[in-house]
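**Student:** Protein chains in written order, with my numbering: chain C, 47 to 204; chain Z, 2 to 470.
My structure is below; once you've seen it, I'll send some questions.
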């Protein structure tokens, strides 16, 4: 397969790292609540281990393994008639979306992404949506314009 | 003069209310506190009033080439739908209406809400036909062209029922029902039954099992027959109309462009008899309606499919030569067969023999590699793809069913192909196409050349009627 041209920003890895810390914190909070309930109502102890264990394992995976791999594989390319997005960690997935199937494009930005000046571009079709996560705000705005123009052109052709 | 729906509508609404609140009503009846009973009665009276109000306030009138609907008790609402804006008209006849010669009429426009814009429930059959004729003159003119393309013969009903696997469900339901009601049945009877069961010899056991099978088969034939005895598919100008139901009659209409894909399903039993099921994926329309529409021909001779396609769905073509998935991909199918047919059953057998202390069972494992090989081989033989000018065909096989899927390129929303690490080594990938109506079809493993074929087909620059959806 020919490599696609565009990559996302390196800072996205940091965003993923921060997200993994947040997820870990959420797991710890849930675990804490369970331990509290356990003391009060004499419940089993093992679910606390399970919740905590899942939290720690998923943290290690997402913090030290998948974030970098995700960054390395994620690529996208926008052509006249279609756009292609490549993503994945162990299974590499490529999606091909013809321009004339795109219904609308939205830009999204959470607080963490905003800190690094990054944004997410979501592409909506009649089938499930796809997104390009981790491009700069300016780039996202530019892409949104390009895609909307291309879609309009295709419509006029048809 | 605007007309009102027939008062039978009130009875119908009340009946629906009872059906919907049956649990609550029973709860109230068996509750001894008088306070709750009063609330129950108040709610009943309230729902009666609401039904009355709904009935009184809703009127309709056909004029100026469209239909007016006036509704609302406190805030009035007026709707006018012009004939040209009508997308579908369907009628649905609940048993109550049917007994007295009434029906319900639903009119939908293209605006894709889940609720039909117009629903007139409780209208004389003849009047409904009159409105349909007025609102839908195009179809009325072409009445001669309408042809029934599908209906069941008695033989097919029996065959279809006995090959639908449903009888297994019925059998389980019978056993479950016995288990549930064994408390209600007098104790002497169950005791007698138990003593009888305990004295069974092997032969009687086999006889009893056969008897149960036959009973559930007969029951499932009745169930299938009840659902499909009046089932008809009629070809019309720009779509197909489906009639269904014995006691409660239903009628649906699908415009051609709403059909996104066609799937031919053959389970093992039906394939042996030369029969199959044809289902479609449709967009738009009410949720409940779309669910009913998925199976277009529930049981049809495979040999008729080609003819029906060429006559009524000219975009779809069943006569194509399909390609295999390629040498490199075959290995992956054999591997999958090995997992399904050998490894999983082996683990299960080891577990069972260990738990029940039956070491003899372990001998069965010796046969499993052959089973695995044949499952894999069958997958290799039947997993295929085909490309024509406009359409893509996937032929896939799961343990008990063979499926052939036809998708038109102009309905494909996106194409996904992916590779696991193992697949990458052999340049094998899996390909999925997603259509609207949130369905997607996957070919699990395909060679590089096959993938490139499909990609090139999909990327072809000129996509005709791009904005059909």
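Even glycine gets a Cβ: it sits at the ideal position worked out from N, Cα and C.
These figures come from a predicted structure and were not determined experimentally.
Could I get the ranges of all uninterrupted beta strand (DSSP E) runs contained in the stretch 79-163 of chain Z, with 3 residues as the minimum, in chain order?
**Tutor:** Counting only runs of 3 or more, we get 87-94, 103-110, 119-125 and 148-152.
**Student:** Classify residue 5/Z as helix, strand or coil using the three-state DSSP reduction.
**Tutor:** For the purposes of this step, residue 5/Z is identified with residue 4 of the second chain, where counting begins at 1. Correct three-state label for residue 5/Z: strand.
**Student:** Could you give the distance in angstroms between the alpha-carbon of residue 104/Z and the alpha-carbon of residue 152/Z?
**Tutor:** Locating residue 104/Z in the second chain gives position 103, where the first residue counts as 1. Locating residue 152/Z in the second chain gives position 151, where the first residue counts as 1. C-alpha separation (whole angstroms): 23 Å.
**Student:** Run down chain C in chain order and give the residues with a C-beta less than 7 Å from the C-beta of residue 418/Z.
**Tutor:** On the second chain, position 417 is the one that residue 418/Z refers to. Per Cβ cutoff of 7 Å: 140.
**Student:** Given a cut-off of 8 Å on the beta-carbon distance, is the pair residue 143/C and residue 153/C in contact?
**Tutor:** Here residue 143/C refers to the residue found at position 97 when the first chain is read from its first residue. Here residue 153/C refers to the residue found at position 107 when the first chain is read from its first residue. Contact flag unset, no.
**Student:** Note down, in chain order, every chain C residue with its Cβ under 9 Å from the Cβ of residue 88/Z.
**Tutor:** What you label residue 88/Z is simply residue 87 of the second chain in a count that begins at 1. Result: empty, since nearest Cβ-Cβ is about 17 Å, beyond 9 Å.
**Student:** Taking DSSP's pairing of strands, which residues face residue 168/C in a bridge?
**Tutor:** By 1-based counting over the first chain, the position of residue 168/C is 122. Note: residue 168/C sits in a beta bridge opposite 152/C and 177/C.
**Student:** From the DSSP output, which residues share a beta bridge with residue 128/C?
**Tutor:** Counting from one through the first chain, the residue named residue 128/C turns up at place 82. Per DSSP, 144/C.
**Student:** What residues are listed by DSSP as bridge partners for residue 262/Z?
**Tutor:** The residue you call residue 262/Z lines up with position 261 of the second chain. Its beta-bridge partners are 282/Z and 408/Z.
**Student:** Using DSSP with H/G/I as helix, E/B as strand and the rest coil, what is residue 396/Z?
**Tutor:** For the purposes of this step, residue 396/Z is taken as residue 395 along the second chain, with counting starting at 1. In this structure, residue 396/Z counts as strand in the three-state DSSP scheme.
**Student:** Could you tell me whether the stretch 331-339 of chain Z touches the stretch 368-381 of chain Z, using the rule of 3 or more Cβ pairs below 8 Å?
**Tutor:** As far as the Cβ criterion goes, the stretch 331-339 of chain Z touches the stretch 368-381 of chain Z, which means the pair count is three or higher.
**Student:** Does any CB atom of chain C fall closer than 8 Å to the CB of residue 467/Z?
**Tutor:** Start at 1 with the first residue of the second chain, and residue 467/Z comes out as number 466. Low local confidence applies: a pLDDT of 35 at residue 467/Z is under 50, so the model's placement there is unreliable, with the coordinate-based value given in what follows. For residue 467/Z, the answer is yes, since a Cβ of chain C falls inside 8 Å of its Cβ.
**Student:** Counting contacts by CB-CB distance shorter than 8 Å, is residue 171/C in contact with chain Z?
**Tutor:** Position 125 of the first chain, counting from 1, holds the residue named residue 171/C. True, the Cβ-Cβ gap to chain Z drops below 8 Å.
**Student:** Which residues share a DSSP beta bridge with residue 245/Z?
**Tutor:** Along the second chain, one-based indexing puts residue 245/Z at 244. Answer is 251/Z, bridged to residue 245/Z.
**Student:** Do residue 327/Z and residue 386/Z count as a contact pair if the criterion is CB distance below 8 Å?
**Tutor:** What you label residue 386/Z is simply residue 385 of the second chain in a count that begins at 1. What you label residue 327/Z is simply residue 326 of the second chain in a count that begins at 1. Taking 8 Å as the Cβ cut-off, residue 386/Z and residue 327/Z do not qualify as a contacting pair.
**Student:** Considering only DSSP beta bridges, list what residue 443/Z is partnered with.
**Tutor:** Stepping through the second chain from its first residue, residue 443/Z is reached at position 442. Its beta-bridge partners are 433/Z.
**Student:** So which residues on chain C does residue 1/Z lean against when the C-beta distance must stay under 9 Å?
**Tutor:** Outside the displayed range of chain Z (2 to 470) lies residue 1/Z, so it cannot be described from this structure.
**Student:** Report the CB separation of residue 394/Z from residue 414/Z in whole angstroms; it is logged as a contact under 8 Å.
**Tutor:** Locating residue 394/Z in the second chain gives position 393, where the first residue counts as 1. Locating residue 414/Z in the second chain gives position 413, where the first residue counts as 1. That belief does not hold up - the Cβ atoms of residue 394/Z and residue 414/Z are roughly 18 Å apart, past 8 Å.
**Student:** Please report how far the alpha carbon of residue 132/C lies from the alpha carbon of residue 124/C, in whole angstroms.
**Tutor:** Walking along the first chain from the start, residue 132/C turns up at place 86. Walking along the first chain from the start, residue 124/C turns up at place 78. Approximately 12 Å, taken between the alpha carbons.
**Student:** Please check the pair residue 407/Z and residue 317/Z, which I expect to be a contact at CB under 8 Å, by giving their CB distance rounded to whole angstroms.
**Tutor:** The count along the second chain starts at 1 and reaches residue 407/Z at position 406. The count along the second chain starts at 1 and reaches residue 317/Z at position 316. 5 Å between Cβ atoms; contact.
**Student:** By how many angstroms is the C-alpha of residue 11/Z removed from the C-alpha of residue 49/Z?
**Tutor:** The residue labelled residue 49/Z in the question sits at position 48 within the second chain. The residue labelled residue 11/Z in the question sits at position 10 within the second chain. Whole-angstrom Cα-Cα distance: 8 Å.
**Student:** Under 8 Å, do residue 164/Z and residue 270/Z count as touching if we go by C-beta distance?
**Tutor:** The sequence position of residue 164/Z within the second chain is 163, counting from 1. The sequence position of residue 270/Z within the second chain is 269, counting from 1. Yes; because the gap between Cβ atoms is below 8 Å, this pair is in contact.
**Student:** Mark residue 466/Z as exposed unless 16 or more other C-beta atoms lie within 10 angstroms of its C-beta, in which case mark it buried.
**Tutor:** Looking up residue 466/Z in the second chain gives position 465. Caution applies to residue 466/Z, whose pLDDT of 36 falls short of 50 and renders its modelled position unreliable; the model cannot decide the point.
**Student:** Using the Cβ count rule (16 or more neighbours within 10 Å means buried), how would you classify residue 3/Z?
**Tutor:** Looking up residue 3/Z in the second chain gives position 2. The residue is exposed, with fewer than 16 neighbouring Cβ atoms inside 10 Å.
**Student:** Straight-line CA distance for residue 74/C to residue 86/C?
**Tutor:** Sequence index remark: in the first chain, residue 74/C carries index 28 (1-based). Sequence index remark: in the first chain, residue 86/C carries index 40 (1-based). When rounded, the distance between both Cα atoms is 18 Å.
**Student:** Here's the rule: buried if 16 or more other CB atoms are within 10 angstroms of the residue's CB, otherwise exposed. What is residue 358/Z?
**Tutor:** Residue numbering aside, residue 358/Z sits at position 357 when the second chain is read from its first letter. Residue 358/Z comes out exposed.
**Student:** Let me check one thing: in DSSP terms, what residues is residue 298/Z bridge-paired to?
**Tutor:** As a working note, residue 298/Z is residue 297 in the second chain. DSSP lists 279/Z as partners of residue 298/Z.
**Student:** State the CB to CB distance for the pair residue 439/Z and residue 173/C, rounded to an integer number of angstroms; the pair is presumed to be in contact (CB under 8 Å).
**Tutor:** As a working note, residue 439/Z is residue 438 in the second chain. As a working note, residue 173/C is residue 127 in the first chain. About 7 Å separates the two Cβ atoms, so the contact holds.
**Student:** Opposite residue 324/Z in the DSSP bridges: which residues?
**Tutor:** Here residue 324/Z refers to the residue found at position 323 of the second chain. 386/Z, per the DSSP bridge assignment.
**Student:** Given that residue 147/C touches chain Z, what residues does it touch there, using C-beta distances under 7 Å?
**Tutor:** Here the question's residue 147/C lines up with position 101 in the first chain. Residues of chain Z passing the Cβ test: 414 and 415.
**Student:** Rounded to whole angstroms, how far is the Cβ of residue 62/C from the Cβ of residue 116/C, which I believe are closer than 8 Å?
**Tutor:** Mapped onto the first chain, residue 62/C falls at position 16. Mapped onto the first chain, residue 116/C falls at position 70. Indeed, because the Cβ distance is near 7 Å, the residues count as touching under 8 Å.
**Student:** Below 9 Å between beta carbons is the criterion; list the residues of the stretch 363-379 of chain Z that meet it against any residue of chain C, in chain order.
**Tutor:** Result list empty, no residue passes.
**Student:** Going along chain Z, which residues have a C-beta under 9 Å from residue 134/C?
**Tutor:** Here the question's residue 134/C lines up with position 88 in the first chain. The answer, in chain order, is 419 and 420.
**Student:** Across which residues does DSSP place residue 63/C in a beta bridge pair?
**Tutor:** The sequence position of residue 63/C within the first chain is 17, counting from 1. According to DSSP, which records beta bridges pairwise, residue 63/C is partnered with nothing at all.
**Student:** Give the residues of chain C in contact with residue 450/Z, contact being defined as C-beta atoms less than 9 Å apart.
**Tutor:** One-based indexing of the second chain puts residue 450/Z at position 449. Within chain C, no residue comes near residue 450/Z; the closest Cβ sits about 13 Å away, beyond 9 Å.
**Student:** So residue 436/Z contacts chain C; which residues on that side make the cut at Cβ distance below 9 Å?
**Tutor:** Residue 436/Z sits at position 435 when you count from the first residue of the second chain. Those within 9 Å of residue 436/Z in chain C are 172 and 173.
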